[in-house]
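K.L.:
With numbering that gives the first Met the number 0, letter number 118 in the sequence shown gets 117, and the count goes up by one each step, no holes.
Beta carbons are placed, not taken as given, at the ideal position from N, Cα and C, and that holds for glycine.
Before I ask anything, let me first share the structure, which is written out below as structure tokens.
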Amino acid sequence: MSDEAMSTTIAPTEGSSISSSSEYEDITGFERVSDILLGLAFMTTALVSAKRMSWSRGVGGSETTVVTAFYSLILTTSGLRASWFLIPNSVWQPSYTPTAVMAFESDHWLGVFLSEILLTAGSLALFSIFILILVYWADILKKYFYPGARRSRPMITFCSLVFFLVLLEVLSATLFLTKVYSSEGMILVNALLLSTVSMICVVEITIFSHRFRTVLKTLGAINQVSTESQVKRIVWITVTGNLFFFTRAFLEAIFAILMLRYWHQYGSVQMVFSHKLWDVYVLLKHWSEVAILCLMLYILQSRFTAAAAAGYEAVPDTTTAAKEGTATSSQAMDV
């Protein structure tokens, strides 16, 4: 695509309806109520996670760092999402649906940019929760399958992965600020990135879940102890997590495909951002986030807080601790 064509596709048209302030005035009562309910839901999870984080710090012990990290990520995600929904949309941009603007070329470009940054930061914080879980699951499994292998520190691995994702988002923001593409380009990049990460999470959760069940069944057979309840719990967590990530991957992939299609055919993606389609996208995307955050709070409260010290740190490195391994694995794998 030539530079002239690219400029045409990414620059918002002067007469575009999505750039007019009147569209925000057409926001429906349903959309107002929906935003308020989502904002309150995320605020509630933020308050609960803040209270739990304060409590976990007072407990002490080797599990405190990990538990606090989970709660802090939930708090960050919920706080960012609550802010995005409870701050009136007119503060960010003149329309309820996304606005296509170029950097420094309109009065509201900064609001559009900050809105997208806030939304992206919330998504990164949310996905960081599951990246942290997968990193610790991988470390636990490595103890069982490769007891003599050298292991890296889970938190270092976690920070490296999150830093890589942040770097990609910084690059996207830089391309917007240098006018390589408009705000439409930022939305497209985020959709493609989150869809890819979601599919990776589906694959990794499925693989780790299968290995966990294998370990539990083996240790149960060796020690003649029933691990059926632990296996069922792992399956339930796997199905729930995969359902969330598959739904997210599907939503983001369809969204990206529609954007690319309209971008190619019409030179703008404003037709994608109709109120009806945007409402469906927002409801499915963010209520599923509320559900998975509540699930994480439940899991942390019911299992991980008590199991982290006795589970993660006590996972045996040799077969001589097989009996203890049955109990420890069932606890550590509940995260």
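Given L292, which residues of its chain have a CB within under 7 Å of its CB, disregarding the five upstream and five downstream residues?
P.N.:
Result list for L292: T44, I73, T76 and S77, in chain order.
K.L.:
Output the residue ranges of the beta strand (DSSP E) runs that lie fully inside the region 209 to 270 and measure 3 residues or longer, sorted by chain position.
P.N.:
You should have found no qualifying run.
K.L.:
Can you tell me where the alpha helix (DSSP H) with R80 in it begins and where it stops?
P.N.:
Counting along the chain, the alpha helix (DSSP H) containing R80 begins and ends at T63 to L85.
K.L.:
Find out if the Cβ-Cβ distance for the pair F211, W91 is shorter than 9 Å.
P.N.:
No. Outside cutoff.
K.L.:
Would you be able to state if there are at least three C-beta pairs under 8 Å between the region 235 to 253 and the region 184 to 204?
P.N.:
Yes, the region 184 to 204 is in contact with the region 235 to 253.
K.L.:
Which one of S151, A120, A220 and T226 has the shortest CA to CA distance from N189?
P.N.:
Among S151, A120, A220 and T226, the Cα nearest to that of N189 is on A120.
K.L.:
Determine contact between the region 35 to 44 and the region 79 to 98, defined as no fewer than three beta-carbon pairs at a distance below 8 Å.
P.N.:
Result yes; three or more Cβ-Cβ pairs closer than 8 Å.
K.L.:
Among A102, V47, R56 and L117, which has the Cα closest to the Cα of L79?
P.N.:
Of the candidates A102, V47, R56 and L117, the one whose C-alpha sits nearest the C-alpha of L79 is L117.
K.L.:
I believe T27 touches H285 by the beta-carbon criterion, under 8 Å. Please report the beta-carbon distance rounded to the nearest angstrom.
P.N.:
Between H285 and T27 the Cβ distance is about 17 Å, and since that is not below 8 Å, they are no contact.
K.L.:
On the three-state DSSP scale, how would you describe R152?
P.N.:
Three-state DSSP puts R152 in coil, outside helix and strand.
K.L.:
With burial defined as no fewer than 16 other Cβ atoms inside 10 Å of the residue's Cβ, what is the status of E104: buried or exposed?
P.N.:
Counting Cβ neighbours within 10 Å, E104 comes out exposed, since fewer than 16 surround it.
K.L.:
Using a threshold of 9 Å, state whether the C-beta atoms of L296 and E251 are closer than that.
P.N.:
Not a contact, by the Cβ cut-off of 9 Å.
K.L.:
Applying the 10 Å Cβ sphere with the 16-neighbour rule, what's the burial state of E183?
P.N.:
It is buried - the Cβ of E183 has at least 16 other Cβ atoms within 10 Å.
K.L.:
Is the beta carbon of F175 less than 9 Å from the beta carbon of F112?
P.N.:
Contact: yes.
K.L.:
In the DSSP assignment, the alpha helix (DSSP H) including K284 goes from what residue to what residue?
P.N.:
Its alpha helix (DSSP H) spans residues H274 to I298.
K.L.:
Strictly under 9 Å for the Cβ-Cβ distance: is K141 near chain B by that measure?
P.N.:
The displayed structure is made up of one protein chain only, and chain B is not part of it.
K.L.:
If you reduce the DSSP assignment to three classes, tell me which class G147 lands in.
P.N.:
In this structure, G147 counts as coil in the three-state DSSP scheme.
K.L.:
Within the same chain, show all residues whose beta-carbon is closer than 7 Å to that of I130, passing over the 5 residues directly before and after it, in chain order.
P.N.:
Result list for I130: F157, L160 and V161, in chain order.
K.L.:
What distance in whole Å lies between the Cβ atoms of A248 and M198, which are believed to be in contact at a cut-off of 8 Å?
P.N.:
With a Cβ gap of about 5 Å, M198 and A248 count as contacting.
K.L.:
Grouping DSSP H, G and I as helix and E and B as strand, with all else coil, what is Y135?
P.N.:
Reduced to three states, the DSSP call for Y135 is helix.
K.L.:
Short check: CB of L193 to CB of S122, under 9 Å?
P.N.:
Contact flag set, yes.
K.L.:
How is E104 classed by DSSP in three states: helix, strand or coil?
P.N.:
Three-state result, E104: coil.
K.L.:
For K50, is the classification buried or exposed, using 16 other Cβ atoms within 10 angstroms of its Cβ as the cut-off for buried?
P.N.:
That one is exposed.
K.L.:
Report buried or exposed for E288, applying the criterion of at least 16 other Cβ atoms within 10 angstroms of its Cβ.
P.N.:
E288 should be labelled buried.
K.L.:
Beta-carbon separation of S53 and T63 under 9 Å?
P.N.:
Cβ atoms of S53 and T63: not closer than 9 Å.
K.L.:
If you drop the 5 nearest sequence neighbours on each side, which residues of the same chain put their C-beta closer than 7 Å to that of Q264?
P.N.:
Answer for Q264: no residue qualifies.
K.L.:
Can you have a look at L140 and say buried or exposed, based on whether 16 or more other CB atoms are within 10 angstroms of its CB?
P.N.:
The residue is buried, with at least 16 neighbouring Cβ atoms inside 10 Å.
K.L.:
Starting from S94, trace the alpha helix (DSSP H) in both directions and tell me its first and last residue.
P.N.:
Neither: S94 is in no alpha helix (DSSP H) and is coded neither H nor E.
K.L.:
Have a look at L215 and T226 and give me their C-alpha separation to the nearest angstrom.
P.N.:
Distance between the alpha carbons of L215 and T226: 6 Å.
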